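So the structure is just underneath, and the comments pick up after that.
Protein chains: 2
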Amino acid sequence: MSETGKAKVIFQPSGRRGEVDKGINIVEASRQLGVDIETLCGEKKVCGKCKVRVEEGSFEKYGVVSGQDHVSPWQKEEEKFISPEQRASGYRLGCVAQVTGDLLLFVPEESRAGKQVVSKAARDIEIEWDPAVKLYTVTVTPPTFEDPLGDFERMTQALEKDHGLKNLSIDWYTLRKLPGTIREGEWTLTAAVWDEKEIIKLWPGKVEDYYGIGIDVGTTTIAAYLCNMRTMQVLETVSMMNPQCKYGEDVMARITFHMQNPGGLERMSNDLWEGLNDLVKKACEATHPPTRKQKDENGKSIKDEDGEFVIVESPEEGKTYLRLEPSDIVDVTLGGNTAMHHIMLKLDPQYVGLAPFPPVVHRSLDIRARDLGLNINPSSNVFIMPNEAGFVGADNVCVLISEKPYRSEELQLIIDIGTNGELVLGNKDKLISSSCATGPALEGAQLAFGMRAAPGAIERIKIDPETHDVDYKVIGREAWLKYSKPEEMKTKGICGSGILDVLAELYRSGVVAKSGRFSKDQKSNRFRKNPDNPRQKEFVIAWADETSIGKDVVITQKDIRQIQLAKGALYTGCKLMMRRMGVDKVDSIKIAGAFGTHVNREKALIMGLFPDCEVEKVLSVGNAAGDGARVALLDRKMRADANWVARNVEYIELTVEEDFEKQFMESMQIPHMTDEFPHLKGLVADEILHQK
Amino acid sequence: MSETGKAKVIFQPSGRRGEVDKGINIVEASRQLGVDIETLCGEKKVCGKCKVRVEEGSFEKYGVVSGQDHVSPWQKEEEKFISPEQRASGYRLGCVAQVTGDLLLFVPEESRAGKQVVSKAARDIEIEWDPAVKLYTVTVTPPTFEDPLGDFERMTQALEKDHGLKNLSIDWYTLRKLPGTIREGEWTLTAAVWDEKEIIKLWPGKVEDYYGIGIDVGTTTIAAYLCNMRTMQVLETVSMMNPQCKYGEDVMARITFHMQNPGGLERMSNDLWEGLNDLVKKACEATHPPTRKQKDENGKSIKDEDGEFVIVESPEEGKTYLRLEPSDIVDVTLGGNTAMHHIMLKLDPQYVGLAPFPPVVHRSLDIRARDLGLNINPSSNVFIMPNEAGFVGADNVCVLISEKPYRSEELQLIIDIGTNGELVLGNKDKLISSSCATGPALEGAQLAFGMRAAPGAIERIKIDPETHDVDYKVIGREAWLKYSKPEEMKTKGICGSGILDVLAELYRSGVVAKSGRFSKDQKSNRFRKNPDNPRQKEFVIAWADETSIGKDVVITQKDIRQIQLAKGALYTGCKLMMRRMGVDKVDSIKIAGAFGTHVNREKALIMGLFPDCEVEKVLSVGNAAGDGARVALLDRKMRADANWVARNVEYIELTVEEDFEKQFMESMQIPHMTDEFPHLKGLVADEILHQK
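Residue numbers (our numbering), protein chains in the order written: chain A, 13 to 704; chain B, 13 to 704.
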């Protein structure tokens, strides 16, 4: 069969269908048809997450030719992830198998890129009110033959006289609204002025409240804070998955996608802006009254002529609604790591991914919203936070202006653990930063049963040291296993915040030794050899009857190694930075990011994720990156701070530090030498700490 | 027949065809199908230029229903322009008759909006080199682990060190080219910097020559000057008709079109920018080698597989070609009167058309080319010249910075005669300006046989005082009638530059008296009553056998009145400004615009177009508005001058001046009191000057 032309593809269970070009792989086809398949590695054929089942047997009922080989031949890379049994029942890797004819495909639950439960609420932080965009109201006299001055000059003369604003310019899009607005307001109007320089929006009459959004673009999650810019109140916090996840889980996977796909950069960027438009809309819609289906006197929903339900507003009594629209948003600040920053702005990210990792630009940028395709007030400038160096980007700058270690006496270690880990160490005298490839393991990816923080994910666990029996709880269900019937758990896998819990418990209960290996002294039948791969050892966390995927959820020796690599990378980073700074202890540790919110700080200390510190001085600072975007939105002096600090943090490229590899090997052990961790003593029984 | 739905319309002789909505008028249908029909009055049913013939008899061969009335009923307004004979043969006014069914239409030659011969060549003027956009070349060292500074900061540090440029920003579109360009040039690159502030274009390696365009958007004609911005040389002068002419000939007609048609402003603006894109492309294409059809050894043109001729470049030997593309254009300056300015920028022009005529904005604007839809270097800013007041707009500012009366000792009167007349009087001590509604009569419109300066238009004339016999020449033919066979003349009408010649000759030969009336003493059969309207008197300039339109070209009493109104408006303006200034004579008169280039200054004085002045001190300064656009392109100090002078010229609204109407009535006479015109004496025989 020819590989040119079109093929009809149907994805089950979503039922999405359409025509695609023959020759593309199944993952690409899923994107084109709007089906999200996990591709953690960016289609490098190494994560095995994109398994799909080719449903050849079901073909005929869809009226397409059956019994043909409509995908490209089996490849050696697939053997690693697909067992002979699975292969026999039609499984393939979506990034390997190409569409060569009409196809019906089934996407198993574990391959679906599910809706994540995100937790990025706004914290109370102190911000001084001095936004880049401010409102000014003026009343002018109408023109006469004696004074036929034009509308713009008439307005700006009043803005200078009443508010001391000199040499104001105006964006063309806003200028076009001027003659209508000034007359609609009967010669009184309100102007939004950006940076005391340019008029970017006009309203007839007097207006006082106005609105802006601070956005934190994470590799995996995007959070946005809708603020009243007069009161500084956070009206709504909304979040979503980064739509680029389908191009690869981590930053290197996305850079690779760009380098291997012409137009890939534009596609990733456009997907992001489309997503941000949805997010802004979602934030604005939250300020409208809720809606419901209109009912008749019998309580039956009414349909209109087209058979659609009639939707009516259903405001709560006594409550007023702002009814904001995206065009009401007059200012936006945006932060993200250097790779997200570059991809978002369609700046070639390949060099920031190659030694010596120079970014295209450090300094902050003001880019017109309409140029970016962000559907807010079109004249508004989007403030893009500055980058530091390497992958330590605008998101870390957000953390810095939120936490302000550069004004602190105390020596702080700030750890922002996302898919990429960013570290800052220092105080008002000196600040150093670095990034470490923690990889997605700490977020649950690249593990046999790793998954995102979605319903069914194991998030807490306890293991009995005597019997090695397991109790746990999953996201979306309050009750632990002990208080549930097995079939009520509907377990699917282990999420990021659960993974440290699992490992700490495995260690504390003696299932795993200090080296990370399974210990010899196993007390249950949960420890076993993998049935398909006897050389791989594993420990069963949840039995098949507790799951919704019909198989045992296990943690393998390889999984433990992955987590050790991640925590080793993080700890090595902290240690090398302390060495560079010439200190052997820090005064406090701040953990930013969603990981910080969920992680149990004691278990993180047990696992040796970061240097020893009093447990009380280990603080979760929530989504500090998002807070920083909000700070820059409401206080323009912090934009100057951001540019200053971005150029005054000394960046350290860890991988070229002396004895990096030796340090890294040592850091993988659980836990570290006790003399390095005096505060651990109370947390872990001595006999466990000293077991071999 | 229903007036909803679609109708098929075919225009002959062009053969353009297509479907239009029923209910629209024929002029609108012509626009939609790309046929240019003259509509000098903006569809106000008063110019009668849009006559078309409904070809009902020819219907059947086009396969549409015949014998039906497929246009809306006859209207009283049409009687004024369409004789009973014409009506019988199917003539209708295109702005009156609506399409109610399928139609075949014939557009007579005189109704076609022909291709105009424009004469807007660049003059040699003195300009100081200080453009807003300048080029700078720098070489930087590549990044290392010790110095991993980003591309942008690396470049700007070098620009500061080597060229003293501080705090440079960069447009996002240009930033996106930076990583590729800096590496392509092996760490040497050239940056175009706008106003010493922003980087707007980058080239790998060293570049010295760069290019800009100055554009003068006239109501009727647009001229553009492509310049080498290093050498200041004008490489190409190109011009075109303003594509908005189809919406109305003068500024008020276009403002009316905007007010009566939702979306009309956007349409007129978009048509203009589309036209400007064509003009820029045309200017750039002139820098490519000419092309020719490729021939085989027998001299036969070769066709390709698709049957198209193979086109090859045919450069002249020894000549080098710049091969510029629109994206090579890095700066543009634009001038136009206030109405053109507003319509171009989609600024509501209704208020500038209503007393007290305030514009939306006076000051100059810098608008990103991509925002305007101008397809040049997308990061470039288009400099829009400032407006003065009323209709005296950015084009007059261009004239002022080109002629610089504000630096002159001499009292100058500068007259820019286009469809709208703009006047400036003054010197370095004081400048006043005003505009007068000369209307299109001086450009040949609104006259029985007026037409644009296109082939077949009478441009020069001589009338024998003894016999009243006429000799003349037409555009596109060197020989006068006297030296031609009548059928060689192919006369069509009288163009703007010919109209004054005609009237001056009619007067000098005694055909017309000082009052503007035909004199009693007629010496030829050329003077007659109009056959269709015996109350209208007319004088035959060209007999039917000398024309390509098959009928006598005449000038009517009404035509003469039109020209008297125009010249009266102009002269009144000059006189009232002199009164306001407290002077009774001027040192020099400068006539700008295409009219000034073609007009015979002696005849203009005879007609009393402007105040008396030594003939030698009456100067044509060509397209000074276009020159001013060029000045602002090459010397940014002149942009400051433009903003200064725009706010320091005192604008006078003539129509509200005391005894305006009395002055206007007096000014319509030809010529004026001899004591007002001492310099006329040598030009006109005394006996004629004093005849009643």
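Backbone N, C-alpha and C fix where the C-beta goes; we use that ideal spot for every residue, glycine too.
All values derive from a computational prediction rather than experimental measurement.
Item, Value
"Using the beta-carbon count (16 or more within 10 Å), is Gly510/B buried or exposed?", "buried"
"Quick check on Gly594/B: buried or exposed, where buried means 16 or more other Cβ atoms within 10 Å of its Cβ?", "exposed"
"With a Cβ-Cβ cutoff of 8 Å, do Phe164/B and Val372/A count as a contact?", "yes"
"For the stretch 389 to 422 of chain A, enumerate the residues whose C-beta is nearer than 8 Å to any C-beta of chain B, in chain order.", "Asn399, Ala401, Gly402"
"Beta-carbon within less than 7 Å of Asp698/B's beta-carbon, same chain only, minus the 5 sequence neighbours each way: which residues are those?", "Per-residue confidence for Asp698/B stands at a pLDDT of 47, beneath the threshold of 50, marking its modelled position as unreliable; no derived number is given."
"Less than 8 Å between the C-beta atoms of Gly102/A and Val66/A, yes or no?", "yes"
"Output yes or no for whether 8 Å exceeds the beta carbon distance between Tyr663/A and Ser414/A.", "no"
"With DSSP collapsed to three states, give me the class of Tyr484/A.", "strand"
"Out of curiosity, what's the CA-to-CA distance linking Val643/B and Ala654/B?", "10 Å"
"With a threshold of 8 Å between beta-carbons, can His270/B be considered close to chain A, or not?", "no"
"Strictly by DSSP, which residues pair up with Glu325/A?", "Thr303/A"
"Can you look up Gln110/B in the DSSP assignment and give me helix, strand or coil?", "strand"
"Suppose contacts are defined by Cβ-Cβ distances below 8 Å. Is Glu499/B in contact with Ile487/B by that definition?", "no"
"Span of the alpha helix (DSSP H) holding Ser120/B?", "Note on residue identity: the sequence assigns Pro, not Ser, to residue 120/B. Here Pro120/B belongs to no alpha helix (DSSP H), and DSSP marks it neither H nor E."
"Helix or strand or just coil, what does DSSP make of Gln576/B?", "helix"
"With DSSP collapsed to three states, give me the class of Ile700/A.", "Any reading at Ile700/A must be qualified, since the residue scores a pLDDT of 46, below 50, and its modelled position is unreliable; no value is offered."
"Given a threshold of 16 other Cβ atoms within 10 Å of its Cβ, counted over all protein chains shown, does Lys18/A qualify as buried or as exposed?", "exposed"
"Buried or exposed: which applies to Phe461/A, given that a residue is buried once 16 or more other Cβ atoms fall within 10 Å of its Cβ?", "buried"
"Which residue marks the beginning of the beta strand (DSSP E) containing Asn240/B, and which one marks its end?", "233 to 240"
"Below 8 Å on the Cβ atoms is my guess for Arg99/A versus Val64/A; work out the distance and round it to an integer in Å.", "Not really, about 12 Å apart at Cβ, beyond 8 Å."
"Just mark Gln256/A as buried or exposed, buried being the case when its beta carbon has 16 or more other beta carbons within 10 Å.", "buried"
"Determine the DSSP secondary structure at Arg706/A, reduced to helix, strand or coil.", "Residue coverage of chain A in this structure runs from 13 to 704, which leaves residue 706/A outside it and unanswerable."
"List the residues that DSSP assigns as beta-bridge partners of Thr156/B.", "Bridge partners of Thr156/B: none, in fact."
"Verify the CB distance criterion: does Thr667/B have a CB-CB separation below 8 Å to chain A?", "no"
"Closer than 8 Å by beta-carbon distance: list the chain A residues that pair up with Gln258/B, in chain order.", "According to the sequence shown, residue 258/B is Lys rather than Gln. Here the premise fails: no neighbours, minimum Cβ distance about 23 Å."
"From Val108/A, Gly634/A, Ser376/A, Ala351/A, pick the residue whose C-alpha is nearest to that of Leu277/A; which is it?", "Ala351/A"
"At 4 residues or longer, and completely inside the stretch 362 to 397 of chain A: list those alpha helix (DSSP H) runs for me, N to C.", "381 to 384"
"Please tell me whether Gly347/B has its Cβ less than 8 Å away from any Cβ of chain A.", "no"
"Taking the CB atoms as reference points, tell me whether Ile227/A and Leu288/A lie closer together than 8 Å.", "yes"
"Once you ignore the five residues that flank Asp283/B on each side, which residues in its own chain have a CB closer than 7 Å to its CB?", "Pro255, Gln256"
"Give, in chain order, every residue of the stretch 135 to 168 of chain A whose Cβ lies closer than 7 Å to some Cβ of chain B.", "Pro155, Thr156, Phe157, Pro160, Leu161, Gly162, Asp163, Phe164, Glu165"
"List, in chain order, every chain A residue whose beta-carbon is nearer than 9 Å to that of Asp343/B.", "Residues of chain A passing the Cβ test: none, with the nearest at roughly 17 Å."
"Interface residues of chain A around Trp285/B at Cβ under 8 Å?", "Result: empty, since nearest Cβ-Cβ is about 13 Å, beyond 8 Å."
"Name the DSSP beta bridge partners of Arg28/B, please?", "In DSSP, Arg28/B forms no bridge with anything."
"With 16 other CB atoms within 10 Å as the buried threshold, where does Glu5/B fall?", "The displayed coordinates of chain B run from 13 to 704. Any statement about residue 5/B would go beyond what the structure contains."
"How about Leu247/A and Ala203/A: are their beta carbons less than 8 Å apart?", "no"
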